[in-house]
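Following: one structure in structure tokens, then a few remarks.
Numbering (the numbering used here), first residue to last: 8 to 417.
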């Protein structure tokens, strides 16, 4: 399956290719969808040619997290359709629903192919490194893009061709954590440190305090778990200094503007969370959610009445909190699923002698997810699904002669 492996690696290297948008006939698409679709075609051809088609179908049931995401989405979609007289208004008026379904479809397709193509921890780790190099290339491209005067924010935050600096930070941070952990685990291999430093500077340039603070907390937890930290006076001084700098930066850039200006990111989040809390007072919303990809519509239609003033932003795709995201997408079942993911992640980190780097990346998603949730947006959903499967589903090397399944368990 050499061709499929090559195509998967190209997909990982060019995760941000969804930004290259165009239309095929009347269908709006992007390069990412074309790459994933092409990869899927050759993946099917190769498993049929190698007589692995039936085994691959059976393997679908081993990817529990993907199946749960799909199952919860189907339930939510069913609830949405039962409240609609005809399908036509749904397709016409709920473009966010269609967008979210596309994001989930392509993310699960690429995630499944990735997991089936790279069947050992070592191969998956090597593939993630390719994705990390792609993140570095895109980060450098974003710097160049901004220096040329394109898409520059008023406060000079790095965002490149994206619509938000925090989105770029969310894309870069998992790979910063990957290279940092690999550097510590690999007897200080200098190339990993070099890549981590580049990503660290790029993340600092985004000035995303969630990414900076979240990655700091995760690295600290990893070092404590690794047992190689705070053994010297110098390390203690370094930790204290970095802590003061980071939390001082958070106070100066996020908290202080809330008191000094009429707008800050915390002000906007306050409005989002206030509106979300009001929507959850409706028992139906608290139990069933508002529907997959429907938060934007609900916020647009209700925020002004709930806040008794015009909100700072009418267009809010996600509720900026991971618990709110899952409950609005999937209802109470979504919160149970999220709680289970968090419990399993913490449990594995505590009990494992050498926890997978994927677990710490998942932990970062959860921590930063308390204040921001751009998960259901193309490549970030791909990363979320891949890291959840890698971290929470154990994998052992297959016996190629018997085509046995991976040994996988929760």
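Glycine is no exception: its CB is placed at the ideal position from the N, C-alpha and C atoms.
Beta carbon proximity, residue i to chain B, threshold 9 angstroms
{"i": "residue 250", "result": "Here there is only one protein chain, and chain B is not present."}
Whole-angstrom distance between residue j and residue i, CA atom to CA atom
{"i": "residue 18", "j": "residue 253", "result": "34 angstroms"}
{"i": "residue 165", "j": "residue 56", "result": "46 angstroms"}
{"i": "residue 276", "j": "residue 378", "result": "8 angstroms"}
{"i": "residue 320", "j": "residue 286", "result": "17 angstroms"}
{"i": "residue 344", "j": "residue 322", "result": "27 angstroms"}
{"i": "residue 231", "j": "residue 45", "result": "43 angstroms"}
{"i": "residue 200", "j": "residue 127", "result": "24 angstroms"}
{"i": "residue 349", "j": "residue 369", "result": "9 angstroms"}
{"i": "residue 356", "j": "residue 367", "result": "8 angstroms"}
{"i": "residue 182", "j": "residue 221", "result": "13 angstroms"}
DSSP-derived helix/strand/coil call for residue i
{"i": "residue 75", "result": "helix"}
{"i": "residue 221", "result": "helix"}
{"i": "residue 34", "result": "strand"}
{"i": "residue 29", "result": "strand"}
{"i": "residue 322", "result": "coil"}
{"i": "residue 317", "result": "coil"}
{"i": "residue 157", "result": "coil"}
{"i": "residue 381", "result": "coil"}
{"i": "residue 297", "result": "coil"}
{"i": "residue 86", "result": "helix"}
{"i": "residue 361", "result": "coil"}
{"i": "residue 8", "result": "coil"}
{"i": "residue 375", "result": "helix"}
{"i": "residue 168", "result": "coil"}
{"i": "residue 131", "result": "helix"}
{"i": "residue 21", "result": "coil"}
{"i": "residue 327", "result": "coil"}
{"i": "residue 70", "result": "coil"}
{"i": "residue 345", "result": "helix"}
{"i": "residue 354", "result": "helix"}
N- and C-terminal bounds of the alpha helix (DSSP H) containing residue i
{"i": "residue 174", "result": "172-192"}
{"i": "residue 109", "result": "102-124"}
{"i": "residue 397", "result": "386-399"}
{"i": "residue 213", "result": "197-213"}
{"i": "residue 62", "result": "60-66"}
{"i": "residue 273", "result": "272-286"}
Residue burial classification, residue i (beta-carbon count within 10 angstroms, cutoff 16)
{"i": "residue 162", "result": "exposed"}
{"i": "residue 358", "result": "exposed"}
{"i": "residue 4", "result": "Lying outside 8 to 417, the shown extent of the chain, residue 4 is not represented and no answer is given."}
{"i": "residue 298", "result": "buried"}
{"i": "residue 193", "result": "exposed"}
{"i": "residue 29", "result": "exposed"}
{"i": "residue 184", "result": "buried"}
{"i": "residue 177", "result": "buried"}
{"i": "residue 306", "result": "buried"}
{"i": "residue 290", "result": "exposed"}
{"i": "residue 189", "result": "buried"}
{"i": "residue 2", "result": "This structure does not reach residue 2, given that the chain is present from 8 up to 417, and the question cannot be answered."}
{"i": "residue 157", "result": "exposed"}
{"i": "residue 203", "result": "buried"}
{"i": "residue 89", "result": "exposed"}
{"i": "residue 504", "result": "Residue numbering for the chain in the displayed model covers 8 to 417; residue 504 lies beyond these limits and cannot be assessed."}
{"i": "residue 372", "result": "buried"}
{"i": "residue 248", "result": "exposed"}
{"i": "residue 195", "result": "exposed"}
{"i": "residue 241", "result": "exposed"}
{"i": "residue 244", "result": "exposed"}
{"i": "residue 11", "result": "buried"}
{"i": "residue 365", "result": "buried"}
Proximity test, residue i beta-carbon vs the ligand ADP heavy atom, cut-off 8 angstroms
{"i": "residue 187", "result": "Annotation note on the ligand ADP: not contained in the displayed structure, which lists no ligands."}
Inset, instruction - May I ask you to verify whether the region 336-346 touches the region 307-315, counting CB pairs closer than 8 angstroms and requiring at least 3? - result: no
Legend entry - Contact between the region 68-86 and the region 21-37 (3+ Cβ pairs under 8 angstroms): no
Inset, instruction - Determine contact between the region 139-153 and the region 203-216, defined as no fewer than three beta-carbon pairs at a distance below 8 angstroms. - result: yes
Legend entry - Three-pair Cβ contact test at 8 angstroms for the region 389-397 versus the region 101-119: yes
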